[in-house]
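Protein chains in written order, with numbering that gives the first Met the number 0: chain C, 0 to 326; chain P, 0 to 326; chain S, 0 to 326; chain D, 0 to 326.
4 protein chains.
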Amino acid sequence: MSIISAPDLHLKTSAPGTGSYRGIIPPLVTPLNSEGALDRSGLEKLIEHVLNGGVHGLFILGTTGEGPSLGYDLRREMIARTCGIVGGRVPVLVGITDTAESESLRLAEHAAESGVDAVVIAPPYYFAPAQTELIGYFEHLAEALPLPFFLYNMPALTKVVIGEEAIRRSLSMERCLGLKDSSGDLVYYKKALRIASEKPGYRILIGPEELLAESLLAGGDGGVSGGANVFPSLYVGVFEAMECGDFTEAVRLQKLILEVSCRLYGVGQYGSAIIRGIKCALHCQGICEDFMAPPYRERFRTAERKRIEEELRTLISMLPQAAAVAA
Amino acid sequence: MSIISAPDLHLKTSAPGTGSYRGIIPPLVTPLNSEGALDRSGLEKLIEHVLNGGVHGLFILGTTGEGPSLGYDLRREMIARTCGIVGGRVPVLVGITDTAESESLRLAEHAAESGVDAVVIAPPYYFAPAQTELIGYFEHLAEALPLPFFLYNMPALTKVVIGEEAIRRSLSMERCLGLKDSSGDLVYYKKALRIASEKPGYRILIGPEELLAESLLAGGDGGVSGGANVFPSLYVGVFEAMECGDFTEAVRLQKLILEVSCRLYGVGQYGSAIIRGIKCALHCQGICEDFMAPPYRERFRTAERKRIEEELRTLISMLPQAAAVAA
Amino acid sequence: MSIISAPDLHLKTSAPGTGSYRGIIPPLVTPLNSEGALDRSGLEKLIEHVLNGGVHGLFILGTTGEGPSLGYDLRREMIARTCGIVGGRVPVLVGITDTAESESLRLAEHAAESGVDAVVIAPPYYFAPAQTELIGYFEHLAEALPLPFFLYNMPALTKVVIGEEAIRRSLSMERCLGLKDSSGDLVYYKKALRIASEKPGYRILIGPEELLAESLLAGGDGGVSGGANVFPSLYVGVFEAMECGDFTEAVRLQKLILEVSCRLYGVGQYGSAIIRGIKCALHCQGICEDFMAPPYRERFRTAERKRIEEELRTLISMLPQAAAVAA
Amino acid sequence: MSIISAPDLHLKTSAPGTGSYRGIIPPLVTPLNSEGALDRSGLEKLIEHVLNGGVHGLFILGTTGEGPSLGYDLRREMIARTCGIVGGRVPVLVGITDTAESESLRLAEHAAESGVDAVVIAPPYYFAPAQTELIGYFEHLAEALPLPFFLYNMPALTKVVIGEEAIRRSLSMERCLGLKDSSGDLVYYKKALRIASEKPGYRILIGPEELLAESLLAGGDGGVSGGANVFPSLYVGVFEAMECGDFTEAVRLQKLILEVSCRLYGVGQYGSAIIRGIKCALHCQGICEDFMAPPYRERFRTAERKRIEEELRTLISMLPQAAAVAA
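Below, the structure written as structure tokens:
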């Protein structure tokens, strides 16, 4: 298979990581080889790829990063190597969600020692806490964590929504930087923005990339967009267009993001299709290995790989128009 | 608070652990003190309490045992101490469910070294695998695990049902002992029994104690009954009555189990009420500490404790009739 | 296609309808021809078929009867003809569930004029009322209905559980005869029995036939069993065995009911498979037409019909043993 | 209680109903008096109120209109009177969703005779059809309906999503005007837009008003906004601002819509709170009666009414800024 190269849409150089936690912060996939070990050179290429695309931060060990599926040794290795490669060019965020609070805290300690900027924590996802229990859980963590943190709303996987009262309480937690919302429920997102308007600087990032421009229109702060692993400058382009008030351009680029979603994430029939699609597309571009952690384990087989390759070519043929404008 | 003592309903001594995995196998709570550490003497008392009640095995680090909420050091301590206290009198089963397969395997290794008889594994509970992915996951585990194992169906918490095909496949996994079903869906349970009828010795245990007698009537092998932490001989009584074909007695005792459920598990308003209720009742009986692991953390406060105390007295006043017969 | 005849397992003649609302009360399918009109002669044959099988009542226009899918003229025709054919031999119950209360009441009036014995009502199923709203709704109906009534718990289709407080309130509604529970949640069912134990004569019937014997063991009053359209005497056999305390026989027959469920309801891949399977089996037996009301409309096609025919033959070959005992 | 008057934000007169089905098409509430009968003068005032606000059409007997809860006589009266009052000034759309197809068709006939412009139909909501069954259902309706129609996606109440294939098929149904999406899932909405881009003129309207501006940014055609019963010109203002490319103004007005949602729809604790809130606010403005159809029946009691009154005053105090700009 020949490697497919995408044009770089993004010619303006972003300022080095300011720690503002605004903009595009890709949820980095964890490149794994067939043994389930970290593909180290792949990780390096991937990080350079997205930094070249102008992203404003990196989020590792989140859902797209298959964090909860990785053994703790692997998670620690991923943290240490990522910090080493990034070298402070942009902020690094690390997912520490676990069902055992003490394991979350232990990983946060390791992250702090490795030079991570902030951690990200979703509700524990085996037992479903009631809202008052969830608030107590976050309050305890807020005291115990060695780093600033984002809350992470991901009800499809954790079974629990971070409710309005929990968001309100998080405003008075000094180290709470904001909320990452992956619910796909933009009404929830907008109500969160309304609540957080009381605390300037509290960031609300959107998960589903299909809603990036809309979330920004509503006043959001940026996107943790899975597709930015593959086409970082496209997502950065939407963010920058909205920052400049160029809504027309933002809408045009956002339509390309929908194409990415429809073409790369709908191959295969399971929930794992999104992460598999992203990893496979990165592999097609010669960036990294694309094996999955258990329980998914297998990467796409030949038929699906072929389909991803084709869709990738189609997507790249749609991008130059965008690139032309960006240039 | 004075200690409330329950009469021992069970006068016949059970045979020592035969490893048959039939009968009442309580999902042991994990006694925790206010620091979140293991209440070691409480654990000892608890184990003696349930063994005195005639139970046929112990299941630790399951849902009732708050397994996924405990740090790995604590889980390892719980395994080692339980094995030490039990000393081979009954089989010990250990929950090793985790979202990271490698952590499940590592814990299973520790369990094997500690003398555990079997492990119990539910689907990984962050990502929801499709059925074919789930089957692949179990097949990989079946090769890698150092101990025989039960599958554990718990869709309310794992989001995934272990489907009929997965059960069918497990019949040909040599080390698979059977299925523990906590779905509360007795139609599913009976269909599982029908599938497993092809493999004599494959055990199907029921989680919800409210269905113990009915599951046995349908041909089931026993119960992993939370309430057997508190009143072990009551649950053993149902099992033995059904074994003897004394359906009338089984129904009579099963009605008392429904009383336990309605009276002890409905105090407080959250999903955590069941485990909190069991732990609080054990504390009222002077058996062990009753703090919860995060995210629940808090034990019942005064009002709820008082209510549990009253319900416990009521329950105990209902038991002598049963005891009389058992004697 | 030649007609497949099943042996009649039931030789004892049941007493004529006593209005006791205990026993097997089949949820009659509504025989429809290819035009969507009532298959009148099929309805007659079907009713004689199930009455010959010894059933203790008939429930028309329920879920299995596709009640909510039928136009009101058709529902009225079904009521009038059924009452005419039954002629008081057993009680007739009619489903009047609707999203518009006034249409439920209008149908109940028609039912009362037609000689129906009781109506059956589930929560309105478009808007999901909160429990207090649901209780208010039932209280209003209890005043307005011209006939005694059963509540009908069917949360998979109505989105709302009839909660414990609503059951408790129904005990003091003079015309409320009891509860039909199709939740499949036997813990709920048993808690309902516990609540209703305060009111002797309050009946609790089980929907899912796979749980018939277990529900009776727990103290239930009978089953609204879809498969009793096809093999009425099998279901009556379970009921009578439990009435006589012959648990072994009940379990043996109940296993055959599970066979009916696994063999006839799992053909085809959709939720409509159960009703389609029952109707197709009746057609194979030469009893009635088997078209479906919209939105399902289509009956099984050739491949599925063939499969049903085969399964039906297998089932009938399993029945004689049962018949032998019954004789 | 004195009547609260809202300023009219909308000074530009909209063109008379062009049948384009773009813009703001309020889902009209059904004004009911304490007997459950139509408040006829209230209906007249309500229609004049929203037409004065510049709305582009009316949708009656939808979810907000409590259509499925109303008896058929009342639904027919509502259709006839609405058409009479509107007199062709804007298009009138009528919800005909029912679980019985024949009743939907009968109501559609009545609608056609009354001069209605189009009907709106959601999946039947008792049985949940599979996608192929749903497509068959829509195809049959498309042949049989006497009027052009919109599909209506409302999975929270119908339990079924109108899937991508069903949307695709609807493009080739000549009389299908488009899709009304009330899922609240903007990713779905955008994918629907992408599919429908093949058929110019196919309209996609959004239900949840909190997403109105965002849906328009994505290329949507308008909103079926419940709050437009109360403040029609606010919603028309968002639509017109987006039409002119004045994104800043659209965002500003959209923020006020979020205020309407947070302040009027969150009073009371049940799902019925939205419709109750809208009706109560209309009553506070002296427009119409605010009783609810069963199962909700009750309107807000004193405490909630007071709260709505206060919130209404607050909202009106926020509007003049908007009005100033509009003027």
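Glycine included, C-beta positions come from ideal geometry on N, C-alpha and C.
Treat the numbers as computed from the prediction; the structure is a model and nothing was measured.
If you follow the beta strand (DSSP E) that residue i is in, where does it begin and where does it stop?
i	result
Ile-205/D	202-205
Leu-31/C	From DSSP, Leu-31/C is part of no beta strand (DSSP E); its letter is neither H nor E.
Ile-59/S	57-59
What residue range is occupied by the uninterrupted alpha helix (DSSP H) comprising residue i?
i	result
Cys-279/C	272-283
Ala-141/S	130-143
Ala-36/S	That residue, Ala-36/S, is in no alpha helix (DSSP H); it is neither H nor E in DSSP.
Asp-375/P	This structure leaves residue 375/P out entirely; chain P is present only between 0 and 326.
Tyr-187/C	185-195
Arg-21/D	Unbroken run through Arg-21/D: none, as it is neither H nor E.
Arg-167/P	163-169
Arg-262/P	246-263
Leu-330/P	In the structure as shown, chain P starts at 0 and stops at 326, and residue 330/P therefore has no counterpart that could be examined.
Taking 6 Å as the limit between beta carbons, can you name the residues of its chain near residue i, skipping five residues before and five after?
i	result
Thr-157/D	Ala-121, Pro-122, Tyr-124
Glu-34/P	none
Ser-113/S	Ile-78, Ala-79, Cys-82
What residue from the options has the CA that sits closest to residue i's CA?
i	options	result
Pro-207/S	Thr-62/S, Ser-19/S, Asn-51/S	Thr-62/S
Pro-231/C	Ser-33/C, Gly-52/C, Gly-222/C, Ser-40/C	Gly-52/C
Asp-116/P	Ser-103/P, Arg-75/P, Pro-145/P, Ile-274/P	Pro-145/P
Leu-185/P	Val-159/P, Ala-217/P, Arg-174/P	Ala-217/P
Phe-126/C	Ala-99/C, Leu-281/C, Gly-183/C	Ala-99/C
Tyr-151/C	Glu-142/C, Ile-161/C, Ala-143/C	Ile-161/C
Met-328/C	Gly-183/C, Ala-302/C, His-139/C	With chain C covering only 0 through 326, there is no way to say anything about residue 328/C.
Arg-193/S	Tyr-188/P, Arg-251/P, Phe-137/P, Glu-138/P	Arg-251/P
Leu-37/S	Met-291/S, Arg-304/S, Ala-302/S	Met-291/S
Val-28/D	Val-54/D, Arg-167/D, Gly-64/D	Gly-64/D
Starting from residue i, follow its DSSP beta bridges and name the residues at the other end.
i	result
Pro-293/D	In DSSP, Pro-293/D forms no bridge with anything.
Ala-240/C	Ala-240/C pairs with nothing; no bridge assigned.
Asn-152/S	Asp-180/S
Gly-94/P	Val-119/P
Pro-26/P	Phe-58/P
Cys-287/P	Beta-bridge pairing links Cys-287/P to no other residue.
Excluding five sequence neighbours on each side, which residues of the same chain lie with their C-beta closer than 7 Å to the C-beta of residue i?
i	result
Gly-16/S	Unreliable placement is indicated for Gly-16/S, whose pLDDT of 35 sits below 50; no coordinate value is reported for it.
Leu-314/P	Glu-258, Val-259, Arg-262
Glu-108/P	Pro-145
Ser-4/P	Gln-284
Leu-176/P	Tyr-20, Ala-117, Pro-147, Phe-148, Phe-149, Arg-202
Gly-265/S	Ala-272
Leu-170/S	Ala-195, Glu-197, Lys-198, Tyr-201
Grab me the residues of residue i's own chain with a C-beta within less than 8 Å of its C-beta, minus the 5 sequence neighbours each way, in chain order.
i	result
Glu-102/C	Tyr-71
Glu-164/D	Gln-130, Ile-134
Exercise for the section: Determine which residues of the region 87-112 of chain C have a Cβ less than 7 Å from any Cβ of chain P, and write them out in chain order. Expected result: Thr-98, Ala-99, Glu-100, Ser-101, Glu-102
Problem - Where the region 274-287 of chain P meets chain C: residues whose CB sits under 8 Å from a CB there - result: none
Handout entry: Proximal residues, the region 159-188 of chain C versus chain D, C-beta separation under 8 Å
Key = Gly-183, Asp-184, Leu-185, Val-186
Exercise for the section: Taking a Cβ distance cut-off of 7 Å, strictly less, list which residues of the region 123-136 of chain P are near chain C, in chain order. Expected result: Pro-123, Tyr-124, Tyr-125, Phe-126, Ala-127, Pro-128, Ala-129, Glu-132, Leu-133, Gly-135, Tyr-136
Practice task
With 7 Å as the C-beta to C-beta threshold (strictly closer), list the residues of the region 25-37 of chain D near chain S in chain order.
Solution key: none
Exercise for the section: Please name the residues in the region 257-269 of chain S whose beta-carbon is closer than 9 Å to at least one beta-carbon of chain D, in chain order. Expected result: Gln-268, Tyr-269
Exercise for the section: Could you name the residues of the region 287-302 of chain D whose beta carbon sits closer than 9 Å to any beta carbon of chain S, in the order they occur along the chain? Expected result: Ala-292, Pro-293, Pro-294, Tyr-295, Arg-296, Glu-297
Practice task
Could you name the residues of the region 62-90 of chain S whose beta carbon sits closer than 9 Å to any beta carbon of chain D, in the order they occur along the chain?
Solution key: Thr-62, Glu-65, Gly-66, Pro-67, Ser-68, Leu-69, Gly-70, Tyr-71, Asp-72, Leu-73, Arg-74
Handout entry: Within 9 Å of chain P by C-beta, residues of the region 203-219 of chain S in sequence order
Key = Pro-207, Glu-209, Leu-210, Ala-212, Glu-213, Ser-214, Leu-216, Ala-217, Gly-218
Problem - Near-chain S residues of the region 145-160 of chain D (beta-carbon distance less than 9 Å), N- to C-terminal order - result: Ala-155, Leu-156, Thr-157, Lys-158
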